[in-house]
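What follows is a short report on a single structure.
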Amino acid sequence: MTSALETRIEDFLAVLSSQRGLSANTVLAYRRDLLKVAAFIEGCGLSEWRSLDQFLLEEFIARVSEQGLDIRSQQRLLSSLRSFYDWLAERGEAAFNPARSLRLKTHKRELPRVLDVDLVQQLLDAPAPEDEPEKSLWRRDRTMMELFYSSGLRLSELSNAMLTALDLSSGHITVTGKGNKTRRVPVGRKAREALRDWLVLREQWCTDKSGDLIFITPKGARFGERAIQLRLAHQARRAGLPQHVHPHMLRHSFASHLLESSQDLRAVQELLGHADISTTQIYTHLDYQHLATVYDKAHPRSRKNDDK
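Going letter by letter, the sequence shown gives residues 0 to 307 in the numbering used here.
Right under this line is the structure:
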C-alpha cells in the first residue's frame, strides 16, 4: 500500500480517537474498512484518495459483495468511507464524497447487473474506428472485452494475465484469482482470433517494462485496472449501449448466459473460481428471472393483454 494512502487513514483515526472519543473497537473497524478500500485503490494503479470516483467505488462494492461481505458490513464500510471523505474535504484533499450518494438495497440481495446476449454482441461486434490511434486502441480493447466475456475473468485477473499462461493452440488461459489460487479456463474462438490480432500489435508497443503481460498501453506499460474500466466504458458508449458497462458486468453476463444454456451450476462455479457454490447460486435467480420474463410474454394464460 502506498504510504500516502495509509498516512491519511492514520491521521483520520487519530482524530476519531482524540477529538470524537470513539472506542478502540470502533476505530479498529474504521481502520479495517479503510485499508480494504486503500488496497483496492492501489490495485487500480492509483495513489491518491481523490482518485476514487463513484464508478470505481461501485466496482469495489461489487467485488467485496462477490467475496461474501454481507450487506450490514457493506453499509458499515460505506459509512466509514463517508465520514473519512467528509474529513478529507474539510482539509481540502477531496473535491467530492464518492460514497455520499451511493446506497445499498437492504430488503434483498441485489442481483448482479448483466447484459443480455444481444447487447453483448452489439458491444463486441461494433465496427473498428477508421482513424488512428483509436483504431489500434480498439484492437486491444476488443480483445480485452472478448476475453472478459469468453472466460469470465475478474478485472484483476485480466490486468495481470501473462503470455506464458496463455495457450492459444489448446484454447486455455491460466489466471490467478482470489486467495492467490490459480485456475485454468477456456478461451473461446472469437477471443482467440482477437488475441492473435492483438499480439501482433502488442509487439509494436512492447518495451522493457512490458514484461510478460498480455495487455499493455501504447507506451508499453501495464494496462491498469482503472484504465481498463475507462476504456470499457468508452467502447460501450461508442457501441451505443444504453447503460454504463463495467468489467464485472461482463463477468456476470458470462456466468448468467452460460448457466442459462448449460444448467450446470458446478461447472460455472469452477469457471468463475468461486470457493463457495452459494456465491454462484445468485446466477440461478437471474436465470429464473429470465425464464419468468419469457413465460409472461409467451404463455397464453400469462400474457398481460389477453384479458381484453
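Note that CB positions come from ideal geometry on N, CA and C, so glycine has one too.
Span separating the alpha-carbon of residue i from that of residue j
| i | j | result |
| --- | --- | --- |
| R183 | S150 | 10 Å |
| S82 | R188 | 48 Å |
| A98 | L76 | 10 Å |
| A11 | S135 | Rather than Ala, the amino acid found at residue 11 in this sequence is Phe. Approximately 44 Å, taken between the alpha carbons. |
| R237 | D115 | 18 Å |
| A37 | D69 | 20 Å |
| S209 | L56 | 28 Å |
| A220 | V186 | 24 Å |
| A127 | R201 | 17 Å |
| R138 | S64 | 32 Å |
| G239 | L258 | 27 Å |
| E89 | E47 | 16 Å |
| A190 | A13 | 50 Å |
| T142 | R19 | 51 Å |
| L33 | T173 | 31 Å |
| R225 | C43 | 5 Å |
| L264 | G272 | 12 Å |
| T181 | D196 | 26 Å |
| V199 | C205 | 10 Å |
| G223 | Q203 | 19 Å |
| Y148 | S261 | 16 Å |
| E5 | W86 | 15 Å |
| T279 | Q66 | 11 Å |
| F95 | E192 | 43 Å |
| R9 | Y84 | Correcting the residue type first, residue 9 is Glu in the shown sequence and not Arg. Whole-angstrom Cα-Cα distance: 14 Å. |
| H106 | Q74 | Residue placement at H106 cannot be trusted, given a pLDDT of 45 that sits under 50; what the coordinates show is reported in the next sentence. For H106 and Q74, the distance between alpha carbons rounds to 13 Å. |
| A29 | S50 | Note on identity: in this sequence residue 29 is Tyr, with Ala being the wrong assignment. Distance between the alpha carbons of Y29 and S50 is about 20 Å. |
Assigned exposure category for residue i - 16 Cβ within 10 Å defines buried
| i | result |
| --- | --- |
| S17 | exposed |
| P111 | buried |
| E92 | exposed |
| R153 | buried |
| E58 | buried |
| E131 | exposed |
| S79 | buried |
| R31 | exposed |
| A235 | buried |
| S100 | exposed |
| E133 | exposed |
| D166 | exposed |
| D52 | exposed |
Which of helix, strand or coil DSSP assigns to residue i
| i | result |
| --- | --- |
| P185 | strand |
| D85 | helix |
| H251 | helix |
| L118 | helix |
| I213 | coil |
| D263 | coil |
| V113 | coil |
| K165 | As written in the sequence, residue 165 is Leu, which differs from the Lys given in the question. The answer is strand: DSSP assigns L165 an E or B state. |
| R310 | Within the shown structure, residues of the chain are numbered from 0 to 307, placing residue 310 beyond reach of any answer. |
| T25 | helix |
| H233 | helix |
| E273 | Note on identity: in this sequence residue 273 is His, with Glu being the wrong assignment. H273 falls in the coil class under three-state DSSP. |
| H106 | Low local confidence applies: a pLDDT of 45 at H106 is under 50, so the model's placement there is unreliable, with the coordinate-based value given in what follows. Three-state DSSP puts H106 in coil, outside helix and strand. |
| V308 | Within the shown structure, residues of the chain are numbered from 0 to 307, placing residue 308 beyond reach of any answer. |
Identity of the residue in the options nearest residue i by Cα
| i | options | result |
| --- | --- | --- |
| S168 | R153, L194 and K177 | L194 |
| L45 | Q74, R62, A3 and S72 | A3 |
| R309 | V113, R71 and A94 | In the structure displayed, the chain extends from 0 to 307; residue 309 sits before or after that span and is not available. |
| H171 | I40, L34, L270 and L33 | L270 |
| L146 | H247, E131 and H273 | H247 |
| H245 | R62, R30 and I40 | R62 |
| H243 | E41, Q268, D140 and L118 | L118 |
| E156 | I40, E129, D166 and G176 | G176 |
| V113 | E129, Q53, L249 and D207 | L249 |
| D211 | A164, I227, G178 and P241 | A164 |
Distance cut-off 7 Å: residue i Cβ against heavy atoms of the ligand GDP
| i | result |
| --- | --- |
| P185 | This structure lacks the ligand GDP, and indeed carries no ligand of any kind. |
* Do the segment 230-239 and the segment 117-124 meet, that is, are 3 or more Cβ pairs less than 8 Å apart? -> Yes: at least three Cβ pairs fall under 8 Å.
* Asked: Can you find at least 3 beta carbon pairs, one from the segment 160-180 and one from the segment 234-253, that sit closer than 8 Å?
  -> Contact between the segment 160-180 and the segment 234-253 is absent: fewer than 3 CB-CB pairs across the two stretches fall below 8 Å.
* Three or more C-beta pairs below 8 Å linking the segment 5-25 and the segment 210-224 -> The segment 5-25 is not in contact with the segment 210-224.
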